[in-house]
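Asker: Chains as they are written, first to last, in the working numbering: chain Y, 1 to 146; chain R, 147 to 292. Ideal Cβ placement from N, Cα and C applies to all residues, glycine included. Bear in mind the structure is a predicted one, so any value in this text is a computation, not a measurement.
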DNA sequence: GCTTGACCTGGAGCCCGCTCCAGGTGCCAC
DNA sequence: GTGGCACCTGGAGCGGGCTCCAGGTCAAGC
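1) Between the segment 104–118 of chain Y and chain R, which residues of the former have CB atoms less than 7 Å from a CB of the latter, in chain order?
2) List, in chain order, every chain R residue whose beta-carbon is nearer than 7 Å to that of residue 88 of chain Y.
3) So, are the CB atoms of residue 233 of chain R and residue 112 of chain Y less than 7 Å apart?
4) On the criterion of 16 or more Cβ atoms from any shown chain inside 10 Å, does residue 265 of chain R qualify as buried, or is it exposed?
5) Can you pull the chain R neighbours of residue 102 of chain Y, defined as C-beta to C-beta under 9 Å?
6) Contact check, residue 241 of chain R vs residue 58 of chain Y under 8 Å by CB: the rounded distance?
7) On the three-pair Cβ rule with 8 Å, is the segment 180–193 of chain R touching the segment 209–219 of chain R?
8) Go ahead and pull the three-state DSSP assignment for residue 15 of chain Y.
9) Verify whether the separation of the beta carbon atoms of residue 186 of chain R and residue 152 of chain R is less than 7 Å.
10) Between which two residues does the alpha helix (DSSP H) harbouring residue 267 of chain R extend?
11) With burial defined as no fewer than 16 other Cβ atoms inside 10 Å of the residue's Cβ, what is the status of residue 105 of chain Y: buried or exposed?
12) Please check the pair residue 2 of chain Y and residue 50 of chain Y, which I expect to be a contact at CB under 8 Å, by giving their CB distance rounded to whole angstroms.
13) With DSSP collapsed to three states, give me the class of residue 41 of chain Y.
14) Is there at least one Cβ from chain Y nearer than 7 Å to residue 230 of chain R's Cβ?
15) Quick one: grab the DSSP three-state call for residue 99 of chain Y.
16) To the nearest angstrom, report how far apart residue 23 of chain Y and residue 154 of chain R are at their CA atoms.
17) Need the endpoints of the alpha helix (DSSP H) that residue 219 of chain R sits in, please.
18) For residue 115 of chain Y versus residue 229 of chain R, is the C-beta distance shorter than 7 Å?
19) Kindly identify the DSSP beta-bridge partner or partners of residue 34 of chain Y.
20) Does any residue of chain Y bring its CB to less than 7 Å from the CB of residue 205 of chain R?
21) Would you kindly work out how many angstroms separate the C-alpha atoms of residue 52 of chain Y and residue 60 of chain Y, rounded to a whole number?
22) Name the chain R residues that come within less than 8 Å of residue 80 of chain Y, Cβ to Cβ?
23) By DSSP, does residue 81 of chain Y sit in helix, in strand, or in coil?
24) On a CA-only basis, which of R:209, R:156, R:223 and R:235 is nearest residue 192 of chain R? Give me that one, please.
25) So which residues of chain R does residue 18 of chain Y contact, with C-beta pairs closer than 9 Å?
26) Judging by CA-CA distance, which residue of Y:92, Y:103, Y:93 and Y:81 is the nearest neighbour of residue 237 of chain R?
27) Quickly, what does DSSP pair residue 3 of chain Y with across the bridge? List them, please.
28) Around the Cβ of residue 108 of chain Y, are there at least 16 other Cβ atoms within 10 angstroms (buried) or fewer (exposed)?
29) Taking the alpha carbon of residue 239 of chain R as the point to measure from, which residue in R:176, R:164 and R:211 has its own alpha carbon closest?
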């Protein structure tokens, strides 16, 4: 069975050594095996689990919720429905996260376009006070362009 | 000119009173006007700006970067190109945020599907050790279904 | 046999972004 | 005139998620 040193595990997972130790300490990882010298040796399974952790973390799951998932996983087979429920809820959360990002991104792009329009109007044709007005409220400005 | 009490501003923007005061303190808002009693009165402009702040914050911009944007805005007209650059960079950041979320979401959905498949297999046809194996490595299991 | 380097531990510290608190003001309703 | 309420201030505290540190162990290479 392949074993990974902490350094290799860090390399593979992108977590820092400290973070790996921290995750073990709080129980997000079950106790990692040790060699004779007491040094950790991560298994292939540990790395798979860490991959899942990275995925959940990077999609905004809190450590508390990941711990819940870890517990379910440790409890065995009969928690699979609960795990599905947990992941499905998270999946929906990710979905709405994406939707919100898209929507706010449009506002940002609108603002960029607004600034571009301002630059496109020759100096002096508009008063300089932007005053944080929303782009939509300056449509007059954009019309002045034609 | 419409003015908003702190309570109304909080209501409209979704920021807490404390957060509004905090934002003013750190300079993310320029000093808010006061009435005779020294109480804040937010202007329409303040609310517009706060709308932008919410947008940037909710898309993951740090306070430090929002401060940078606020400074540019205060410096006036000649910083518009810089502001475009800043927002365009943020727009790209949002884009890759979304891409990453989508990608990780697929992994999560794959895991959900894996669990569903496990449930679909009648008891006893598989050994119970999941051991955090990635779904792809258990394809044998899924084939066992047919 | 000594250095180097990767690891170990427990515990403190850090950064971010708020959030809460104590003590005070001003105004309105009863 | 006395609640009650919305607000004020400066400053402390907090929760999340790490990150750093001091002091120590072991293994390999020179």
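Answerer: Quick answer:
1) 104, 105, 107, 108, 109, 111, 112, 115, 116 and 118
2) 258
3) yes
4) exposed
5) Neighbours of residue 102 of chain Y on chain R, chain order: 240 and 244.
6) Contact doesn't hold; Cβ gap of about 16 Å is too wide.
7) no
8) coil
9) yes
10) Premise fails: residue 267 of chain R is in no alpha helix (DSSP H) and is neither H nor E.
11) buried
12) At roughly 14 Å, the Cβ-Cβ gap does not stay under 8 Å, so residue 2 of chain Y and residue 50 of chain Y are not in contact.
13) coil
14) yes
15) helix
16) 43 Å
17) 209–221
18) Pairing residue 115 of chain Y with residue 229 of chain R gives a Cβ-Cβ distance under 7 Å.
19) Y:40
20) Chain Y, which has a Cβ nearer than 7 Å to the Cβ of residue 205 of chain R, makes this yes.
21) Each residue's alpha carbon lies about 13 Å from the other.
22) 261, 264 and 265
23) helix
24) Per the Cα distances, R:156.
25) None at all; the shortest Cβ gap to chain R is about 22 Å.
26) Y:103
27) Residue 3 of chain Y pairs with Y:43.
28) In summary, residue 108 of chain Y is buried, with 16 or more beta-carbon neighbours lying within 10 Å of its beta-carbon over all protein chains present.
29) R:211
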